[in-house]
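**Q** Quick note, the sequences are listed as chains A, B and C, same order.
Taking our numbering, the leading residue of the first sequence gets 1, the next gets one more, and so forth.
Taking our numbering, the leading residue of the second sequence gets 326, the next gets one more, and so forth.
Taking our numbering, the leading residue of the third sequence gets 665, the next gets one more, and so forth.
We treat Cβ as the ideally placed atom computed from N, Cα and C, and that holds for glycine.
These numbers come from a predicted model, not from an experiment.
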Amino acid sequence: MTRELPYVAAMNEALHLEMTRDEDVLLIGQTVGEEHYESFKEFGSARVRVTPISETAEIGMATGAALAGKRPVVDATMAEFLLVAMGQVVNEANRVHYMTGGQLRAPIVIKAGYGFAAGWAGQHTSAPYGMVMGVPGLKVALPSTPADAKGLMATAVRDDNPVLYLHHFLLLLERGPVPEGEYLVPFGVADIKRPGSDVTVVATGWTVHRALAAAERLSDEGIDVEVIDPRTIAPLDVETILASVARTGRLVLVDQATRHASVSAVIAGEVAEHGLSSLRAPVVQVTALDTTLAYSQPMEEYVLPDEGKIAAAVRQVAGVKAGAM
Amino acid sequence: MTLDTGHQITMYRQMVRIREFEERVKRTFTDHPGVIRGHTHLADGAEASIVGSIAAMRPGDQAIATYRCHGYPIALGSDTSALMAEIYGRVGGICGGYGGSMHLADIARGFLGTSAIVAQNIPQGAGAAYAAQLRGRGDVVLTFFGDGATKQGAFHESLNVAALWRLPVVFIMENNSFSVTVRTEEEDANAAAGEPLATKAKAYSMPGTTIDGGDPLVVQQTVADAVARARAGDGPTLIESLVYRLSAHGNSIAPPGVPLHYPEHEAVAIYGAVEEYEAAKRGDPVPRFRARLIESGVLTGDQAGAIVDEAQAEMQAAVDFALNSPLPEPAAALNHVYA
Amino acid sequence: MWRIRAFEERLAQLKRADEVPGLIHLSIGGEAVAAAVCGQLRDTDVVYSGHRPHGHVIAKGAALPETMAELMGRAGGLCQGLGGSMHLVDTEHGMFGATGVVGGSLPLALGSALAARMRGEDAVAVVFFGDGAAQSGIFAESVNIAVLWRLPVILVCENNGFAEFTPRSAHTTVERVSDLVAPWAIPAATVDGNDAEAIWAQFGEMLRRARDGGGPALLEALTHRLRGHYEGDPDRYREALSSEEWQRRDPIARLQSAALARGWFGEDEAKTASDDAASTVDEAVAWARQSPPPTPELASSVVYAA
Numbered sequence: 001m002t003r004e005l006p007y008v009a010a011m012n013e014a015l016h017l018e019m020t021r022d023e024d025v026l027l028i029g030q031t032v033g034e035e036h037y038e039s040f041k042e043f044g045s046a047r048v049r050v051t052p053i054s055e056t057a058e059i060g061m062a063t064g065a066a067l068a069g070k071r072p073v074v075d076a077t078m079a080e081f082l083l084v085a086m087g088q089v090v091n092e093a094n095r096v097h098y099m100t101g102g103q104l105r106a107p108i109v110i111k112a113g114y115g116f117a118a119g120w121a122g123q124h125t126s127a128p129y130g131m132v133m134g135v136p137g138l139k140v141a142l143p144s145t146p147a148d149a150k151g152l153m154a155t156a157v158r159d160d161n162p163v164l165y166l167h168h169f170l171l172l173l174e175r176g177p178v179p180e181g182e183y184l185v186p187f188g189v190a191d192i193k194r195p196g197s198d199v200t201v202v203a204t205g206w207t208v209h210r211a212l213a214a215a216e217r218l219s220d221e222g223i224d225v226e227v228i229d230p231r232t233i234a235p236l237d238v239e240t241i242l243a244s245v246a247r248t249g250r251l252v253l254v255d256q257a258t259r260h261a262s263v264s265a266v267i268a269g270e271v272a273e274h275g276l277s278s279l280r281a282p283v284v285q286v287t288a289l290d291t292t293l294a295y296s297q298p299m300e301e302y303v304l305p306d307e308g309k310i311a312a313a314v315r316q317v318a319g320v321k322a323g324a325m
Numbered sequence: 326m327t328l329d330t331g332h333q334i335t336m337y338r339q340m341v342r343i344r345e346f347e348e349r350v351k352r353t354f355t356d357h358p359g360v361i362r363g364h365t366h367l368a369d370g371a372e373a374s375i376v377g378s379i380a381a382m383r384p385g386d387q388a389i390a391t392y393r394c395h396g397y398p399i400a401l402g403s404d405t406s407a408l409m410a411e412i413y414g415r416v417g418g419i420c421g422g423y424g425g426s427m428h429l430a431d432i433a434r435g436f437l438g439t440s441a442i443v444a445q446n447i448p449q450g451a452g453a454a455y456a457a458q459l460r461g462r463g464d465v466v467l468t469f470f471g472d473g474a475t476k477q478g479a480f481h482e483s484l485n486v487a488a489l490w491r492l493p494v495v496f497i498m499e500n501n502s503f504s505v506t507v508r509t510e511e512e513d514a515n516a517a518a519g520e521p522l523a524t525k526a527k528a529y530s531m532p533g534t535t536i537d538g539g540d541p542l543v544v545q546q547t548v549a550d551a552v553a554r555a556r557a558g559d560g561p562t563l564i565e566s567l568v569y570r571l572s573a574h575g576n577s578i579a580p581p582g583v584p585l586h587y588p589e590h591e592a593v594a595i596y597g598a599v600e601e602y603e604a605a606k607r608g609d610p611v612p613r614f615r616a617r618l619i620e621s622g623v624l625t626g627d628q629a630g631a632i633v634d635e636a637q638a639e640m641q642a643a644v645d646f647a648l649n650s651p652l653p654e655p656a657a658a659l660n661h662v663y664a
Numbered sequence: 665m666w667r668i669r670a671f672e673e674r675l676a677q678l679k680r681a682d683e684v685p686g687l688i689h690l691s692i693g694g695e696a697v698a699a700a701v702c703g704q705l706r707d708t709d710v711v712y713s714g715h716r717p718h719g720h721v722i723a724k725g726a727a728l729p730e731t732m733a734e735l736m737g738r739a740g741g742l743c744q745g746l747g748g749s750m751h752l753v754d755t756e757h758g759m760f761g762a763t764g765v766v767g768g769s770l771p772l773a774l775g776s777a778l779a780a781r782m783r784g785e786d787a788v789a790v791v792f793f794g795d796g797a798a799q800s801g802i803f804a805e806s807v808n809i810a811v812l813w814r815l816p817v818i819l820v821c822e823n824n825g826f827a828e829f830t831p832r833s834a835h836t837t838v839e840r841v842s843d844l845v846a847p848w849a850i851p852a853a854t855v856d857g858n859d860a861e862a863i864w865a866q867f868g869e870m871l872r873r874a875r876d877g878g879g880p881a882l883l884e885a886l887t888h889r890l891r892g893h894y895e896g897d898p899d900r901y902r903e904a905l906s907s908e909e910w911q912r913r914d915p916i917a918r919l920q921s922a923a924l925a926r927g928w929f930g931e932d933e934a935k936t937a938s939d940d941a942a943s944t945v946d947e948a949v950a951w952a953r954q955s956p957p958p959t960p961e962l963a964s965s966v967v968y969a970a
């Protein structure tokens with residue numbers, strides 16, 4: 001059975017179900033006492049614990065509790081706040097399993113919002129996953145739909161590794177069908193959000209919806225676009241992308257991250273290495289430009305990918321005749 | 326040191342200007358929906374602390390602050406039209422529309438800017454003080470932050486270094502009893518034990534003091550003493566200034582399309598502490614200082630009223646300027662990526 | 665203490681002979697702290713260390729052959745050769761980790777303490793760190809939370825007077841690390857780190873209190889690092905102790921003469937302990953040498969926990 005839920009409710013539903021299922025699951029963070037976590041009060045203040053503004057200690061402590069058998073979920077609020085505690089994210093929790101020859105495991109989930117491109121200015125709008133997607137031992141999930149928000153959260157909590165679960169601020173109130181009860185979305189399995197035969201578009205998070213809108217517009221022009229959402233960028237399902245490119249021969253990569261720290265750049269590299277013979281046109285990347293986001297709306301929009309830019313890129317790759325490379 | 330009456334009137338005027346500015350920022354959400362985007366944080370309730378602190382500065386001194394930053398540049402003399410235009414995202418903004426409410430700066434007036442990340446301006450303040458120490462002109466840096474910031478590692482690291490290097494910096498913690506939405510005693514071991522947060526200075530062999538941040542003269546005196554100490558090369562001081570912010574932490578948080586507004590204060594909305602909040606409003610530092618100046622004969626009621634009228638007219642002009650200032654050219658987004 | 669000393673002296677020889685790769689930080693001269701603290705702990709009590717962990721690992725009960733094999737990068741090592749000197753872990757004996765980043769394990773110990781308390785156990789977490797770590801932000805963040813939540817964690821600072829290569833006076837105005845917790849009303853004490861008896865008594869008191877739910881404490885042990893920061897450090901920034909001075913301070917010699925004077929054991933037994941330590945270390949080295957190097961594939965097989 002499915003029903004319509006907002007993305008934020010789907011995400012919280014998964015977390016609530018996991019906390020009910022497994023009493024080792026904890027929820028800590030600066031905002032876990034707030035209204036949007038009202039339904040978590042039933043787990044008690046020992047399992048749902050408000051922390052000081054001490055990101056380094058919060059994440060380090062979650063790691064320690066995880067080493068001792070708990071499964072903490074840290075709500076770090078905003079992706080940029082993690083930068084304050086970067087050592088704990090990319091140099092402690094993710095490495096303990098490896099460095100101890102597999103003895104230790106740190107099953108923590110670090111949950112944070114990103115990409116609040118609605119005038120939140122330079123320090124609250126970025127999509128900084130490019131900095132962490134190549135970090136060994138760390139998994140990174142970027143849900144784009146309410147169903148994925150639920151399924152990826154449940155999988156994140158059950159994973160035995162540190163998982164960075166990045167939810168998109170602009171999607172929080174977007175509604176969509178969500179399965180009831182236990183629902184898991186596997187990591188490392190891309191989802192074809194829209195099948196198509198002419199051009200492959202790979203997008204994550206909020207840009208998935210921009211890509212789908214562009215695809216609708218382009219279908220009127222006779223271009224059949226396939227939209228793929230990797231859902232997790234570590235592990236990254238390169239196979240599904242290569243298989244799609246083998247069918248379409250054309251690839252547009254969409255990413256809210258700045259171009260040179262993007263998932264797009266990584267996928268472009270993989271396709272160049274493993275799928276070049278399938279390509280009938282050069283890959284085009286539609287990413288954020290390499291700048292901090294400005295506060296003022298016209299400048300903000302100029303920097304970010306949007307429906308029009310995606311459609312233009314698709315037309316560009318579709319317009320290149322076979323054999324032109 | 327007692328301030329002459331002229332100074333006291335100036336301080337009152339600055340407090341009123343900050344209050345009126347913040348009122349207009351808040352009103353913009355209803356008067357001109359959609360004009361202010363993102364997040365704003367108001368200084369209402371902290372005017373006495375801000376103005377008292379800034380009054381202890383002399384030219385050459387500098388200040389650095391957090392995302393709750395509208396008050397400092399106003400007290401330092403920045404153009405309120407340019408400040409309002411920045412909050413409206415306009416070309417005429419003090420940062421050209423690049424920064425918005427959380428990222429005001431006015432280098433010419435010694436306001437070195439802000440960080441939107443809790444406590445990250447504290448090491449920057451220590452660094453500015455290091456530069457001042459190297460300049461050797463006796464300049465001092467005021468570093469403003471909230472009570473929540475004292476739980477960040479950056480606070481500990483910065484106060485240690487500032488004490489060690491005897492940096493000319495005054496750390497001014499505006500304790501408004503809430504770390505965003507969490508009561509301080511729920512996240513601070515000192516507050517939980519009923520101790521003042523200035524106790525933390527003990528770990529850095531630095532003086533620490535707690536004052537009534539609602540009294541601008543007390544604040545001015547305390548900060549001036551700390552500034553004098555810093556100027557003399559005797560190092561930093563930690564001042565805990567007790568204030569009560571009269572608005573919620575910030576405006577509502579919502580994706581585009583959902584109208585933004587200022588929600589109810591956390592004391593009421595989350596903790597149900599209606600009486601505490603009402604008492605804070607009764608203790609509002611702006612009318613409190615006005616009553617005192619009138620009582621002591623420094624001001625008449627009419628003069629005080631005229632100051633409010635002038636401030637209201639100034640802020641009306643600021644709103645008008647900001648509304649009429651154009652939005653930036655989109656491609657300007659690529660300017661300033663590198664200096 | 666003899667076992668730690670013999671192990672590390674042998675380790676230094678092996679490092680010079682290039683049988684041990686990488687960066688090695690020795691704790692020679694600091695054995696009393698490891699022995700007196702870990703000697704009072706149970707296997708269920710958790711210990712975290714920093715980048716100078718050999719003594720803590722051995723005192724917590726790790727087998728010497730596996731420990732030596734890890735340092736030599738062999739498959740039979742505690743961590744199959746993946747961790748090395750700065751990442752020794754032996755979960756069976758409650759040795760949960762060391763870190764190569766100053767202060768990195770402080771909050772981890774808080775997490776373990778929190779987990780123990782949530783399970784309703786009286787286990788305690790102990791974290792060893794150097795005086796250099798006390799200046800890092802992670803220290804203050806961790807202490808605030810440990811005090812606020814009354815966690816059963818004991819912070820043991822081995823203050824050797826140097827943060828890496830620079831003396832303490834270049835790092836802080838605060839003379840004693842125990843003074844750094846002055847803002848919080850928790851037990852804090854500074855003891856002579858070469859006096860095993862004093863450490864035993866002071867730590868024992870803190871341990872009982874933490875087990876009984878009394879919350880965190882900080883113990884600072886003043887030690888002298890006989891070696892440089894790492895093995896091979898030219899060590900030009902310190903004044904060497906005279907040999908007579910060291911004779912007076914050496915924690916092993918001190919404990920031994922006190923014990924002899926009080927008749928706890930005789931000269932013969934002391935000699936046996938020292939000889940046994942040496943032969944145990946010989947056996948450990950022999951075992952480690954026979955352990956094969958790990959297969960290269962291991963390097964990519966445990967990136968994620970399965």
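Classify H167 of chain A as helix, strand or coil using the three-state DSSP reduction.
**A** If DSSP states are grouped into helix, strand and coil, H167 of chain A belongs with the strands.
**Q** Starting from L770 of chain C, trace the alpha helix (DSSP H) both ways and give me its first and last residue.
**A** Run containing L770 of chain C: L770 to M782, per the alpha helix (DSSP H) assignment.
**Q** Where do the ends of the alpha helix (DSSP H) carrying G64 of chain A lie?
**A** Start and end: E55 to L67.
**Q** Reducing DSSP to helix, strand and coil, say where L648 of chain B ends up.
**A** Helix at L648 of chain B.
**Q** From this set, A:L82, A:T51, A:H97 and A:S126, which residue's C-alpha is nearest L170 of chain A's C-alpha?
**A** Taking only the C-alpha atoms, the option nearest L170 of chain A is A:S126.
**Q** Are R315 of chain A and L218 of chain A touching if we call contact CB-CB under 9 Å?
**A** Yes, the pair counts as a contact, with Cβ atoms nearer than the cut-off.
**Q** Using the rule of at least 16 other Cβ atoms within 10 Å of the residue's Cβ for burial, across every protein chain shown, is K41 of chain A buried or exposed?
**A** With fewer than 16 other Cβ atoms within 10 Å, it is exposed.
**Q** Taking just the CA atoms, how far does F469 of chain B sit from Q387 of chain B?
**A** Their backbone Cα atoms lie some 11 Å apart in a straight line.
**Q** For the alpha helix (DSSP H) that K150 of chain A lies in, which residues bound it at each end?
**A** Start and end: P146 to R158.
**Q** Report yes if the CB atom of W864 of chain C is closer than 9 Å to the CB atom of G725 of chain C, and no otherwise.
**A** In this structure, G725 of chain C does not lie closer than 9 Å to W864 of chain C by Cβ.
**Q** Taking G425 of chain B as the reference, which of B:A517, B:A407, B:V583 and B:L459 has the closest Cα?
**A** With distances taken between Cα atoms, G425 of chain B lies closest to B:A407.
**Q** Look at the alpha carbon of M133 of chain A and the alpha carbon of L164 of chain A, and state the distance between them as a whole number of angstroms.
**A** Their backbone Cα atoms lie some 9 Å apart in a straight line.
**Q** Alpha carbons only, please: which of C:A696, C:V807, C:G825 and C:R814 is nearest the one belonging to M665 of chain C?
**A** The option with the nearest alpha carbon to M665 of chain C is C:A696.
**Q** Give the straight-line distance between the Cα atoms of A396 of chain B and E411 of chain B, rounded to the nearest whole angstrom.
**A** Residue 396 of chain B is actually Gly in this sequence, not Ala. Rounded to whole angstroms, G396 of chain B to E411 of chain B spans 14 Å at the Cα level.
**Q** Restricting to runs no shorter than 3 residues, where is the beta strand (DSSP E) found entirely within the region 62-132 of chain A?
**A** Those beta strand (DSSP E) runs which fall completely within the region 62-132 of chain A and span 3+ residues are 71-78 and 109-114.
**Q** If you follow the alpha helix (DSSP H) that N485 of chain B is part of, which residue opens it and which one closes it?
**A** Unbroken alpha helix (DSSP H) run through N485 of chain B: G478 to L489.
**Q** Answer with yes or no whether the minimum CB distance from Y602 of chain B to chain C is below 9 Å.
**A** Not one chain C Cβ lies under 9 Å of Y602 of chain B.
**Q** Under 7 Å Cβ-Cβ, which residues of chain C neighbour T63 of chain A?
**A** Going along chain C in sequence order, the residues near T63 of chain A (Cβ under 7 Å) are L772 and G775.
**Q** What residues in the region 771-805 of chain C have a beta carbon less than 7 Å from any beta carbon of chain E?
**A** As a matter of chain content, chain E is missing from the structure shown, whose protein chains are A, B and C.
**Q** Taking C-alpha atoms, which residue in B:A516, B:Y529, B:F354 and B:Y413 lies nearest to F646 of chain B?
**A** F646 of chain B has its Cα closest to that of B:Y413, out of B:A516, B:Y529, B:F354 and B:Y413.
**Q** Along the alpha helix (DSSP H) that carries M409 of chain B, what are the first and last residues, could you check?
**A** Segment T405 to I412, the alpha helix (DSSP H) holding M409 of chain B.
**Q** What are the complete alpha helix (DSSP H) segments, minimum 4 residues, inside the region 217-242 of chain A?
**A** For the region 217-242 of chain A, not a single whole alpha helix (DSSP H) run of length 4 or above is found.
**Q** Taking DSSP's pairing of strands, which residues face A553 of chain B in a bridge?
**A** Bridge partners of A553 of chain B: none, in fact.
**Q** Against chain C, does Q103 of chain A count as a neighbour if the rule is that its beta carbon must be under 9 Å from one of theirs?
**A** Chain C contact via Cβ: present.
**Q** Any beta carbon of chain C sitting closer than 9 Å to that of Q449 of chain B?
**A** It does not; no Cβ of chain C falls within 9 Å.
**Q** Which residues bound the alpha helix (DSSP H) around M732 of chain C?
**A** Its alpha helix (DSSP H) spans residues L728 to L735.
**Q** Taking the straight line between their C-alpha atoms, what separation do you get for Y529 of chain B and P230 of chain A?
**A** Going by the C-alpha atoms only, they are around 50 Å apart.
**Q** For L242 of chain A, which residues in the same chain have their Cβ closer than 8 Å to its Cβ, ignoring the five residues on either side in sequence?
**A** Excluding sequence neighbours, L242 of chain A sits near E270, V271, H274, G275 and S278.
**Q** How many angstroms separate the CA atom of G323 of chain A from the CA atom of A76 of chain A?
**A** In this prediction, G323 of chain A scores a pLDDT of 43, lower than 50, which makes its location untrustworthy; the coordinate-derived value is nonetheless stated afterwards. If I take the Cα positions, the gap works out to 49 Å.
**Q** Use the C-beta contact count for S566 of chain B: other C-beta atoms within 10 angstroms, 16 or more gives buried, fewer gives exposed.
**A** Label assigned to S566 of chain B: buried.
**Q** Return helix, strand or coil for Q445 of chain B, following the three-state DSSP convention.
**A** Residue state, collapsed to three classes: coil.
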